[in-house]
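Chemist:
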Amino acid sequence: MNSVIPVENNDVLSTLRGFLRKLMESDLIDALLVPMEAGDGMVQPALVTDPTLLESANPLLPIMPINNARAMSAITGKHAPARIGAVLRTCEIRALVELVKLQQASLEDVLLIGLDCSGTYELAESMAQGAWNTERRSTSMTTYLSAAHDGREPDIAGLQLRPACQMCIHPVPENVDIHIHLFGADTTVVLALTLKDEIAAKLQLAEAPAGEAWNPEQGRVAADSIIANRKQVREKELGNIRSRMTSNGGIASLFAACIRCHNCMTACPICYCKTCLFKTASFDHEPAFYLNAARRKGAQRMLGDTLLFQMTRLNHMSASCVSCGMCTSACPSDIPVGAIFSAIGEQVQAAFEYTPGQDVDEPLPLITFQPHEWTDIGEEK
Amino acid sequence: MSNDHFEPHIIAFLCNWCTYTGADLAGTSRLQYPPNVRVVRMMCSGAVDPVYVLKPLIDGADGVLIGGCHPGDCHYQTGNYKTRRRYVAMHEILKASGLDERRVWLRWVSASEGQRFAETITEMVTALKELGPNPLREKWAV
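Residue numbers (my numbering), protein chains in the order written: chain Y, 8 to 388; chain C, 333 to 474.
1. So is C:Glu470 in contact with chain Y if we call contact Cβ pairs under 8 Å?
2. Under the DSSP definition of a beta bridge, which residues are partnered with Y:Ala38?
3. By DSSP, does Y:Pro223 sit in helix, in strand, or in coil?
4. Could you tell me which of Y:Ala93, Y:Ile36, Y:Gln173, Y:Arg249 sits nearest to Y:Lys238, measuring between CA atoms?
5. In the segment 413-443 of chain C, which residues sit with their C-beta less than 7 Å from some C-beta in chain Y, listed in chain order?
6. Using beta carbons (cut-off 8 Å, strictly below), is C:Gly359 in contact with chain Y?
7. With a threshold of 8 Å between beta-carbons, can C:Ile343 be considered close to chain Y, or not?
8. For the segment 182-244 of chain Y, which segments carrying the beta strand (DSSP E) assignment without a break, of at least 3 residues, lie completely within its bounds, in sequence order?
9. Can you check which of these residues, Y:Val19, Y:Phe359, Y:His323, Y:Trp221, is closest to Y:Tyr151 by C-alpha distance?
10. How long is the line joining the alpha carbons of Y:Phe285 and C:Gly399, rounded to whole angstroms?
11. With 7 Å as the C-beta to C-beta threshold (strictly closer), list the residues of the segment 275-287 of chain Y near chain C in chain order.
12. Is it buried or exposed, Y:Arg101, if we count other Cβ atoms within 10 angstroms and call 16 or more buried?
13. Determine the chain Y residues that contact C:Leu386 at a beta-carbon separation under 9 Å, and present them in chain order.
14. Out of Y:Leu298, Y:Ala357, Y:Pro66, which one is the CA nearest neighbour of Y:Met148?
15. I'd like to know if Y:Pro372 contacts chain C, where contact means its C-beta is closer than 8 Å to some C-beta of that chain.
16. Looking at the structure shown, is Y:Ala138 part of a helix, part of a strand, or coil, going by DSSP?
17. Ends of the alpha helix (DSSP H) at Y:Ala334?
18. Just to make sure I have the definition right: I need the residues of chain C whose C-beta is within less than 7 Å of the C-beta of Y:Gly428. Which are they?
19. Helix, strand or coil: which one does DSSP assign to C:Tyr408?
20. DSSP state of C:Ala344, grouped into three classes?
21. Here's a check: name, in chain order, each residue in its chain whose Cβ is nearer than 8 Å to the Cβ of Y:Asp37, leaving out the five neighbours to either side.
22. Beta-carbon separation of Y:Ile187 and Y:Asp291 under 8 Å?
23. Which residue comes first and which comes last in the beta strand (DSSP E) that contains Y:Gly121?
24. Any beta carbon from chain C within less than 8 Å of Y:Thr253's own beta carbon?
25. What residue does the alpha helix (DSSP H) around Y:Met79 start on, and which one ends it?
26. Can you name the residues that DSSP bridges to Y:Ala64?
27. Cβ closer than 7 Å: which chain Y residues qualify as neighbours of C:Gly378?
28. Less than 7 Å between C-beta atoms, sequence neighbours within five positions excluded: which residues of the same chain meet that for C:Val441?
29. Do we get a CB-CB distance below 8 Å when we pair Y:Ile12 with the residues of chain C?
30. My output table needs one value for C:Met333: the three-state DSSP class, helix, strand or coil.
31. Just how far apart, CA to CA, sit Y:Thr460 and Y:Pro294?
32. If you drop the 5 nearest sequence neighbours on each side, which residues of the same chain put their C-beta closer than 6 Å to that of Y:Ser177?
33. Under 8 Å between C-beta atoms, does Y:Gln396 make it to chain C?
34. Can you name the residues of chain Y whose CB is closer than 8 Å to the CB of C:Ile453?
35. Whose C-alpha, out of Y:Val196, Y:Thr59, Y:Arg169, is nearest the C-alpha of Y:Ser393?
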């Protein structure tokens with residue numbers, strides 16, 4: 008059901024904090040994963056058990072240090088040890104759904120709170136620009152929230168949305184218990200929510216009639232306008248990547264600057280393997296190996312197996328890639344890793360008619376099969 | 333390099349129960365097939381991780397063959413069905429990334445099909461001769 012909480016003094020953050028605190032004190036959850044202010048103009052996700060600490064919770068600040076699906080995997084494992092609430096962005100929810108299917112996280116006893124997301128900004132740039140520090144925060148936040156209200160791209164001086172956010176086509180959360188509306192919502196007046204009836208009853212929230220400050224239709228219109236814009240950006244960006252991959256040099260030239268630091272893998276919410284082949288000594292060789300390899304091709308790249316690393320990762324996880332772009336943000340060489348993985352992942356997902364993060368009951372394409380599919384493969388001759 | 337003198341290198345990952353035994357049968361039956369293939373015996377085609385296929389391909393092998401039991405005949409019930417899906421995914425990825433997916437083959441060859449194994453290798457060598465050498469063989473910066 009839809010509900011609204013009035014906002015006082017044009018301070019929606021306080022209203023949201025109050026709501027989260029009420030949620031924690033209502034005996035619905037024992038702990039809450041939420042971005043907390045950690046230094047001026049910066050947030051870090053934290054698992055909170057003391058509701059009074061929610062005074063520094065700030066899920067609205069558009070900064071995403073990690074994809075919190077990773078945090079949810081750590082917190083819940085095979086089974087959450089308590090009732091966990093989590094305030095997540097849409098790409099985090101979709102990655103979490105994939106991790107549940109990969110048996111790396113659980114949704115049992117988990118209450119998901121999803122936020123409409125206009126996009127997030129790079130950590131380093133945000134810090135350098137000071138866009139979210141005490142001085143500038145209220146101006147920046149007003150700009151950001153009013154853009155969401157109007158269904159426009161936010162325009163914060165000196166900052167650009169993370170590349171993945173610029174082409175995100177899933178800004179509205181799905182499969183959540185509580186949906187916090189920013190698209191189409193006048194957050195100067197109300198905090199608009201859609202929640203399950205039993206949760207609303209526990210929190211003593213009443214059904215809100217559609218009004219001036221927020222109604223579902225207005226929300227859909229604003230979200231659709233954002234999505235339409237981002238679909239265009241995505242098509243253009245992925246088209247660029249595809250033409251570079253099929254032109255001279257191919258995918259290897261896209262990874263020419265790769266320093267094989269594995270940051271992309273570390274930041275990736277889907278890459279969970281604790282014993283990843285590329286973290287082992289399999290690629291440390293005896294000195295003679297390098298000389299032999301060099302003799303074979305005439306030369307040997309000393310950061311060898313970079314393309315092998317990326318191609319292997321593509322084969323292992325691209326079916327589940329939710330395009331959160333944490334890999335791009337983590338890349339010290341500014342390689343558009345996320346766009347490359349999205350461009351290729353989209354094709355793999357299309358082959359299996361699979362949308363990652365959509366349905367927790369839909370099996371992963373690479374662990375399921377139908378006996379009578381692709382029956383021509385392997386049979387030629 | 334003129335393709336007439338080009339002898340492709342093929343790395344084959346064969347399942348122990350069907351294709352490897354089929355290759356063995358080809359040998360014991362003294363069937364003739366081109367000597368361009370180097371065989372790695374796997375317990376199941378489903379145990380062939382994509383990295384095994386990609387490593388030789390990127391290092392310059394001209395072709396990689398995965399051999400497994402016919403669908404329905406897997407010694408481990410369903411391994412080859414999963415191989416088939418992984419192969420579909422890999423073909424999409426190789427195609428999308430501008431690498432040549434035609435160099436990676438999957439064939440079902442049973443333990444009794446020595447003739448089919450010999451023919452598969454012959455066919456693959458012919459096809460790879462037409463494709464020419466793997467361009468990655470010359471590329472050191474990968």
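The C-beta atom is built at its ideal place from N, Cα and C for all residues, glycine as well. Only a predicted model underlies this, so the values are computations on that prediction, with no experimental measurement involved.
Modeler: So, to answer that:
1. yes
2. Y:Ile91
3. helix
4. Y:Gln173
5. Tyr413, Lys414, Arg416, Arg417, Arg418, Tyr419, Val420, Ala421, Met422, Glu424, Ile425, Ala428, Ser429, Gly430, Leu431, Leu438, Arg439, Trp440
6. no
7. no
8. 185-188, 197-202
9. Y:Val19
10. 26 Å
11. Leu284
12. buried
13. Leu314, Leu315, Met318, Thr319, Asn322
14. Y:Pro66
15. yes
16. coil
17. The residue asked about is misnamed: residue 334 of chain Y is Cys in this sequence, not Ala. 333-337 is the span of the alpha helix (DSSP H), which, as asked, contains Y:Cys334.
18. It is not possible to answer for residue 428 of chain Y, since the shown part of chain Y is limited to 8 through 388.
19. coil
20. strand
21. Thr56, Ala89, Arg90, Ile91
22. no
23. 117-122
24. yes
25. 76-83
26. Y:Met43
27. Simply none; closest approach about 10 Å.
28. Cys350, Thr351, Gly354, Gly399, Arg448, Phe449, Thr452
29. no
30. Caution is warranted here: a pLDDT of 48 is assigned to C:Met333, below 50, making its placement in the model unreliable, and the coordinate value is therefore given only provisionally. Reduced to three states, the DSSP call for C:Met333 is coil.
31. There is simply no residue 460 of chain Y to check, as chain Y begins at 8 and stops at 388 in what is shown.
32. Per the sequence shown, residue 177 of chain Y should be read as His rather than Ser. Only Thr97 meet the Cβ criterion.
33. Nothing can be reported for residue 396 of chain Y, as the shown portion of chain Y is limited to 8 through 388.
34. What C:Ile453 touches in chain Y: nothing, since even the nearest Cβ is about 11 Å away.
35. Residue 393 of chain Y lies beyond the range of chain Y shown here (8 to 388); nothing can be said about it.
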